[in-house]
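Accompanying notes for the structure given below.
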Amino acid sequence: MSGSTEGDLTKTGMALKHDREWDYELDRILEAIEERDASKVGLQFPEGLKRRGPKVADDLREVAPDDVTFMLSGQPCYGACDLDTYLMRRTDVFVHFGHTPMKESDSIVYVPLFSNVDPFPIMEDALEEELAPPEEDADVGLVTTAQHMNRFEEMTDWLEERGYEVHTRRGDDRLTKEGQVLGCNYASADIDAEQVLYVGGGKFHPVGLAMEHPDKRVVIADPVNNAVSVAEHDQFLKQRYAAVHKAMDAEKWGVIFCTKIGQGRWEKAQEIVDNNDNAYLITMDEVTPDRLRNFDMDAFVNTGCPRITTDDGPRFHKPMLTPGEYEAAIGEKPLDSIEFDTFHDTW
């Protein structure tokens, strides 16, 4: 993939009114506007990039026909599973920034916003500090996030040039790219290697990966924070065990079904309610502590995005469990069987 310009910020194809550190692929958006003779265009950004929305709209206004209206989604957005379906139905072109498709669609323009951070210096550090040398263990799995997918083939070649046998796979239907992991899905790490190199920012993804694949050593090469480490999940497990213990005496359970397009597990929610006379189905799009505070429940089971439980669990006034943790809390399975909650469906 050496020499590719995909995601190269110097190859955006047009002069921009505002400086950019990402490639917003404005030329591709403009092409979709022209092809569909669009008069209404929806732009959806994840939470961390919403502040850039007006500047992107400015740049598009500079090059689009005068009769085109650009609308910014104000709905919360945390992934490709979290599309603004209201805006999508009311626009001729709908653009989703920051993620790769969870499901291919001709009606949505996905702009992944590839990072311009060079991953190879921190990968070199990972080889020196944490990865087993190829003469000891040549097999290594390679995974990354959407922001670094444009360099994935280069990363693979780089490891192979240093003597490693690199194992990669696409994963399941929720993943459209080989080697990609999501905060809720690590199927790309189902490979024949005892060590996995994760190239990406933060520790949430690799901790989840390590929990789902406890037989693998997960080395983190973080090019964003310029840090190398090994994923540890003991503290995370202790937090989850504590939440389950608090819920063991619960009598009334609120079972949350999330209505976001890519976050619903209806069959799982219905199964819990059908088998527990003291469980009540609660449907909601945005699951927040304030919205649940008015429900008189002893504990909740979240069948929506797993990160609601793992990231925000301590913020809720009553224990918030995953479906697997719920089974442990009511005695259907042992406590030590708890696993990281993952999501494998699309829509």
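When you read off a place in the sequence shown, starting at 1, and then add 41, the result is the number in this note's numbering. Every residue gets a Cβ at the ideal spot worked out from N, C-alpha and C, and that includes glycine. Bear in mind the structure is a predicted one, so any value in this text is a computation, not a measurement.
_Let's see if you can read the secondary structure: which residues bound the alpha helix (DSSP H) around Tyr127?_
Position 86 of the sequence shown, counted from the start, is the residue given in the question as residue 127. Taken as a continuous stretch (DSSP letters only), the alpha helix (DSSP H) holding Tyr127 covers 126-130.
*Return no unless some Cβ of chain D is closer than 8 Å to the Cβ of Val82.*
As a matter of chain content, chain D is missing from the structure shown, which is built from one protein chain.
*asked:* Need the endpoints of the beta strand (DSSP E) that Met112 sits in, please.
replied: Against the sequence shown, residue 112 aligns to sequence position 71. Where Met112 is concerned, the enclosing beta strand (DSSP E) stretches over 110-113.
*Give the single residue among Ala283, Gly115, Leu67 whose Cα lies nearest to the Cα of Asp99.*
As a position in the sequence shown, residue 99 is number 58, starting the count at 1. Selected option, being the one with the closest Cα: Leu67.
*Could you please give me the residues that DSSP links to Met361 through a beta bridge?*
In the sequence shown, the residue the question calls residue 361 occupies position 320. For Met361, which the question treats as bridged, DSSP gives the partners Phe341.
_For a test of the three-state rule: what should DSSP assign to Thr51, helix, strand or coil?_
Along the sequence shown, read from residue 1 onward, the residue named residue 51 stands at position 10. At Thr51 the pLDDT is 32, less than 50, meaning the model places this residue with poor confidence; the figure from the coordinates comes in the next sentence. Helix.
*Do the segment 268-283 and the segment 311-328 touch if we need at least three Cβ pairs shorter than 8 Å?*
no
*Hey, quick one: how far does the beta strand (DSSP E) through Tyr239 stretch, first residue to last?*
Residue 239 sits at position 198 when you count from the first residue of the sequence shown. First-last of the beta strand (DSSP E) with Tyr239: 236-240.
_Closest to Asp147 by C-alpha separation, out of Glu169, Phe155, Ala73, would be which residue?_
Looking up residue 147 in the sequence shown gives position 106. For the residues Glu169, Phe155, Ala73, the minimum Cα distance to Asp147 belongs to Ala73.
*Given 8 Å, three or more beta-carbon pairs between the segment 206-215 and the segment 244-259*: no
*Starting from the N-terminal side, write out each stretch of the alpha helix (DSSP H) that is 4 residues or longer and does not extend beyond the segment 258-315.*
275-288, 307-315
*Count the C-beta pairs between the segment 191-205 and the segment 264-271 that are closer than 8 Å, then say yes if the count reaches three, no if not.*
no
*Does the beta-carbon of Gly54 have 16 or more other beta-carbons within 10 angstroms, so that it is buried, or is it exposed?*
Counting from 1 along the sequence shown, the entry for residue 54 is found at position 13. Here the model assigns Gly54 a pLDDT of 33, short of 50, so the residue's position is not dependable and the matter cannot be decided.
*Of the choices His246, Leu168, Glu327, Val134, whose alpha-carbon is the least far from that of Thr383?*
The residue given as residue 383 occupies position 342 in the sequence shown. Considering only alpha carbons, the answer is His246.
*asked:* Are the CB atoms of Gly139 and Leu90 within a distance shorter than 8 Å?
replied: Translated into the one-based positions of the sequence shown, residue 90 becomes position 49. Translated into the one-based positions of the sequence shown, residue 139 becomes position 98. Against a cut-off of 8 Å, the Cβ pair of Gly139 and Leu90 comes out as a contact.
_Using CA atoms only, rank isn't needed, just tell me which of Lys301, Arg69, Glu194, Ala291 is closest to Ala369._
Taking the sequence shown and counting its residues from 1, one reaches residue 369 at position 328. If we check each option's Cα against that of Ala369, Ala291 comes out closest.
*Does the distance from the C-beta atom of Val97 to that of Ile163 stay below 8 Å?*
What you label residue 97 is simply residue 56 of the sequence shown in a count that begins at 1. What you label residue 163 is simply residue 122 of the sequence shown in a count that begins at 1. Not a contact, by the Cβ cut-off of 8 Å.
*Beta-carbon contacts of Glu413 that lie in its chain and below 7 Å, excluding the five residues immediately before and after*: Nothing in the structure corresponds to residue 413, since the chain is present only between 42 and 388.
*Quick one: Cα of Met190 to Cα of Asp198, how far?*
Translated into positions along the sequence shown, residue 190 becomes position 149. Translated into positions along the sequence shown, residue 198 becomes position 157. Taking the straight line from one Cα to the other gives about 14 Å.
*Output yes or no for whether 8 Å exceeds the beta carbon distance between Tyr321 and Gly295.*
In the sequence shown, the residue the question calls residue 321 occupies position 280. In the sequence shown, the residue the question calls residue 295 occupies position 254. Against a cut-off of 8 Å, the Cβ pair of Gly295 and Tyr321 comes out as a contact.
*Taking the continuous beta strand (DSSP E) assigned at Ile323, which residues delimit it?*
Looking up residue 323 in the sequence shown gives position 282. That run of the beta strand (DSSP E) goes 320-325.
*Hey, quick one: how far does the beta strand (DSSP E) through His137 stretch, first residue to last?*
Translated into the one-based positions of the sequence shown, residue 137 becomes position 96. Segment 134-138, the beta strand (DSSP E) holding His137.
_Checking 8 Å against the spacing of the C-beta atoms, do Met361 and Asn343 come in under that value?_
The count along the sequence shown starts at 1 and reaches residue 361 at position 320. The count along the sequence shown starts at 1 and reaches residue 343 at position 302. Yes. Within cutoff.
*Measuring CB to CB, does Val150 end up less than 8 Å from Phe135?*
For the purposes of this step, residue 150 is identified with residue 109 of the sequence shown, where counting begins at 1. For the purposes of this step, residue 135 is identified with residue 94 of the sequence shown, where counting begins at 1. Contact: yes.
_I need the boundaries of the alpha helix (DSSP H) containing Lys182, first residue and last residue._
Counted from its first residue, the sequence shown places residue 182 at position 141. It is Gly, not Lys, that sits at residue 182 in the sequence shown. That residue, Gly182, is in no alpha helix (DSSP H); its beta strand (DSSP E) goes 180-185.
*Contact between the segment 224-243 and the segment 174-187: three or more CB pairs below 8 Å?*
yes
*Leaving out five residues before and five after Thr126 in sequence, what residues of the same chain have Cβ atoms less than 6 Å from its Cβ?*
Here residue 126 refers to the residue found at position 85 when the sequence shown is read from its first residue. So the list reads Ile302, once near-sequence residues are dropped.
*Assign Asp331 to one of two classes, buried (16 or more other C-beta atoms within 10 Å of its C-beta) or exposed (fewer than that).*
Locating residue 331 in the sequence shown gives position 290, counting from the first residue. So Asp331 counts as exposed.
_Taking 8 Å as the limit between beta carbons, can you name the residues of its chain near Arg77, skipping five residues before and five after?_
To locate residue 77, count along the sequence shown from 1; it is residue 36. So the qualifying residues of the chain are Asp133, Val134.
_By the three-class DSSP mapping on this structure, what secondary structure does Val150 have?_
Start at 1 with the first residue of the sequence shown, and residue 150 comes out as number 109. Strand at Val150.
*asked:* Since Ala15 and Gln236 should fall inside the 8 Å C-beta cutoff, what is the C-beta to C-beta distance between them, to a whole number of angstroms?
replied: Outside the modelled stretch of the chain, which goes from 42 to 388, sits residue 15, for which no answer is possible.
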